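Report on one structure; see the data block that follows.
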Amino acid sequence: MGQQALNGVFVGSIYALFAVGYTLVFGVLDILNLAHQAVFMLAAFAALLLVADAHLPLWAAMPLAVLFAGLLGILLERLAFRPLRGRADSNISGLISSLAMGTVFEAIALQIFGPDTSRFPHGTFPDRLIRIGGASASLLQLCIIAISVVLMALLTLLLARTRLGRQIRAVAESPRAARILGVNVDRVIAAAFFISSSLGGAAGVLFALAFNSISPDVGRSVELKGLAVIILGGMGSIPGAVIAGFALGLIEVFTVAGFGSSYRDAVSFAVLFVVLLARPRGLLGQAAAREA
Amino acid sequence: MTALLEVRDLRVRYGHVEAVRGLSFSVGAGEMVALIGPNGAGKSSTLNAIAGLVRPASGSVKLQGRELVGAPAHATMAAGIVLVPEGRAILGRMSVEENLVMGAEARPWPAGREEAQAAVEQQFARFPSLQRRRHALAGALSGGEQQMLAIARGLLARPVILLLDEPSMGLAPQLVQQIFQMIADIHRAGTTILLVEQNARMALKTAQNAFVLERGEIALHGPAPQLAADPRVQAAYLGGDVEAR
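Sequences listed follow chains A and B, in order. If you read the first sequence in our numbering, its first letter stands for residue 10, the second for the next number, and so on. If you read the second sequence in our numbering, its first letter stands for residue 4, the second for the next number, and so on.
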């Protein structure tokens, strides 16, 4: 039981980290960034290149890969979202253009790395097992949980306490009110993309380390889970995404333990369905409509 | 009086509709000027164009001699044009205090963060009803409190000129009096104000000079008391008898 809970928290921490970035952009722009999963994948490959080819230690490679992901986010915003801003159909056109950018990113990865699974070299992370009560976890798993929690806490602090955080929340609530307050809305949206993609990239590197497998389609498996998590948590809600991320991880692990792995996604999405029947806005969704 | 804000031949178009048609006027330093007129006369469009929320089709907007026409809102704000818009644009999901802090963060303070924080506290001292609800969500405030919050937030941006768009809209008569008293106090303390109002009576009572806008053009202008006595203004905007009310 304790072992399953630990595994659930471990998987859930990666889902949550992926989803907070996803939901941050949704909260600010009201648009799903469907290239988020491709940034997740490219950051994992970037870390792999830095470790395997540039022979950097992981502690140096990971921040660089995360920075790379953040810059990809800015590129994505410039190419896929900003040109469409202000159009009446920007929600759906942004969805399509981000899907296109995600596909382009995947195609680039396929060209460079091929379709096969790539792995980190042996010894990238010390292989040590730690016992906690009756359960055991690898040092890597514990580090992944810790890094995810710290990054999510930093994001929460940034949004609650800093000037940029207030500006991001202002743009999320009403771009017009933000403009009236002298906020450079374009710059704040670019910053939100940088943060969102950095977190998505961090989730990608941690996911690749956790399962020691990276392929150009690795983001696909997390994409739908991430979407489920942000809907379950309430679209645009950061705490909602954190709670729902851990919840999904736990549900998955206990489903596999109880019914076998073939029921994993079925039960997860059934729970999503039931929660939405009871709470159509998700666990912590905002009731207030966003202003134009 | 030297012109602080100078608007020349301003034109604003929405598609084929010309909302503002070659408007020219100026506001002197320390002055309070009112723009009055019927619905759709182009009053709010004029303020929005000055504040950079709407891009004018042509014309010139100069603040302290500096051309700002077509500049985005964050640039006009940086120059010191502060708009308290129609509908107030309160951030309802943020606390009252956070709304004020955002006002204080809109333009840099000479002595930095402490000075900004002290200014926020000053506004709380000035508006005890906001002080009492400092940690409440701004969306939960009453209409009058939200208007006070919007004005306090605008003042925290240290306006070179304060643009007030329909500050009395949707408020009970008693509150309207209170808000106009507040505006008069702010002006007396040295702030230059450009006021747009449907409530022509109160606007002409409070401002020094006024412009009457009709269909995007200036129909009349002059010192506010003189306009208030003008039979055309009385008939159209003051219900015929200015003294009786």
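Using N, Cα and C, we set each Cβ at its ideal position, and we do this for glycine too. Please read these numbers as outputs of a predicted model, since none were measured by experiment.
Between the alpha carbons of A/Val113 and A/Arg87 lies a gap of roughly 15 angstroms. Under the DSSP assignment, B/Leu8 falls in the beta strand (DSSP E) whose first and last residues are Ala6 to Tyr17.
Close partners of B/Arg110 in chain A (Cβ separation under 8 angstroms): Gly191. Restricting attention to alpha helix (DSSP H) runs no shorter than 4 residues, the stretch 220-278 of chain A encloses them at 227-242 and 247-268, ordered along the chain.
CA-CA distance, A/Ile189 to A/Phe49, rounds to 35 angstroms. For the stretch 60-86 of chain B, the set of residues with a beta-carbon nearer than 7 angstroms to any beta-carbon of chain A comprises Ala76, His77, Met80, Ala81 and Leu86, in chain order. In the three-state scheme derived from DSSP, where H, G and I count as helix and E and B as strand, A/Ser183 is classed as coil. The beta carbon of B/Lys65 lies closer than 6 angstroms to those of Glu9 in the same chain, with the five residues before and after it left out. Counted as a single uninterrupted DSSP element, the stretch harbouring A/Arg140 is not any alpha helix (DSSP H) but the beta strand (DSSP E) occupying residues Leu138 to Ile141. With respect to chain A, the C-beta atom of B/Arg96 has a partner C-beta closer than 8 angstroms. With a threshold of 8 angstroms between beta carbons, B/Ala92 makes contact with chain A. Within chain A, the C-beta atoms nearer than 7 angstroms to that of B/Pro88 come from Ile189, in chain order. Interface annotation, B/Gly173: not in contact with chain A, CB-CB separation never under 8 angstroms. In this model, A/Gln46 and B/Gln67 are separated by some 50 angstroms (Cα to Cα). The beta carbon of B/Arg69 lies closer than 7 angstroms to those of Ala82 in the same chain, with the five residues before and after it left out. In this structure A/His131 is exposed. Its beta-carbon is surrounded by fewer than 16 other beta-carbon atoms within 10 angstroms. Taking B/Pro176 as reference, the option from B/Leu165, B/Asn202, B/Ile196 and B/Leu198 with the minimal CA-CA separation is B/Asn202. Listed along chain B are Ala92 and Leu94, each with a C-beta nearer than 8 angstroms to that of A/Ser183. Scanning its chain for C-beta atoms nearer than 7 angstroms, with the 5 sequence neighbours on each side dropped, one finds around A/Met161 the residues Ala25, Leu26, Val29 and Val251, in chain order.
Its Cα nearest to that of A/Leu285, the residue A/Met244 stands out among A/Ala55, A/Met244 and A/Asn193.
Taking 9 angstroms as the cut-off between beta carbons, the residues of the stretch 105-135 of chain B near chain A are Met105, Gly106, Glu108, Ala109 and Arg110, in sequence order. A distance below 8 angstroms separates the beta carbons of A/Val75 and A/Ala211. Per DSSP, B/Ser171 lies in no beta strand (DSSP E) segment and is marked neither H nor E.
Nearest C-alpha to B/Gly219 among B/Ala44, B/Ile189 and B/Pro162: B/Ala44. The C-alpha of B/Val72 lies about 43 angstroms from the C-alpha of A/Leu51.
With respect to chain A, the C-beta atom of B/Ala139 has no partner C-beta closer than 8 angstroms.
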